[in-house]
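Step one of this worksheet: look at the structure below.
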Amino acid sequence: MPWPPVGVARRRGYHVGNLRALLLDEARALLEEGGLGKLNLRTLAARAGIAPGSVYHHYASKQALLAGLAAEGFGEFEAALRSAAATAGDAPIRATALAYFGFARAQPALYGLMFDPAVLADPDVAAARDRVFAVLETAIAQAPTQQDRDADIIHKVALAVWACGHGAASMMLADPIDTEGGLMEDVIQGLEALFRRR
């Protein structure tokens, strides 16, 4: 799995060269432990064992820190989808949907942050999101049922899968009772049926 388990920070010893990475690690841990309300720069500095002013050498504001964290999350999300697509065989929709849901379930707070409208307004975050979508779009284009479709239709199919995956992931995270993944499987089967060629 390309991301750390929930609540586990990838701690590094502090030195000047890796302070940015340390801050992102600690910010992620705070986010998973207490949500956005617990994540502030003073608490982050204390947790990282540095002076509060040191944070501002790397992040001018809390919003900049959140954007950096979201961009890192999208990078991991991209890697997860890319890995799934590479081993998908003839079932790229299933493989990428499973990777999508797996990421959202493993890191619910980070996933929520990544799709926060204010955070997505950051150009670097939006670009990172677009790279993830491109992986999904490419995977769908390689599906046997989609290979004779033009690029515009593939793009629309990818948008539909993306929107459905995001909505289903949000529903899954809001329903802690669904521990067996029944909703996830139903949605994947629905997508497969929807985009199966007759």
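Letter 99 of the sequence shown, counting from 1, is numbered 99 in my numbering, and no numbers are missing. Just so you know, even glycine gets a beta-carbon here, dropped at the ideal spot from N, CA and C.
- Looking at the backbone, the Cα of P117 and that of R47 are separated by about 27 angstroms.
- With a cutoff of 9 angstroms on beta-carbon distance, A84 and Q142 are scored as not near each other.
- The three-state secondary structure of Y56, taken from DSSP, is coil.
- Spatial neighbours of G73 in its own chain (CB-CB distance under 6 angstroms, excluding positions within 5 residues in sequence) are listed in chain order as L110 and M114.
- By the 16-neighbour rule on beta-carbons within 10 angstroms, P108 is buried.
- Around the beta carbon of L194, fewer than 16 other beta carbons sit within 10 angstroms, so the residue counts as exposed.
- Check the Cα spacing between A106 and each of T145, S170 and C164: the tightest is with S170.
- Taking one beta carbon from each stretch, the region 55-66 and the region 18-27 have 3 or more pairs nearer than 8 angstroms; the two touch.
- Cα atoms of A121 and L69: separation of roughly 14 angstroms, rounded to the nearest angstrom.
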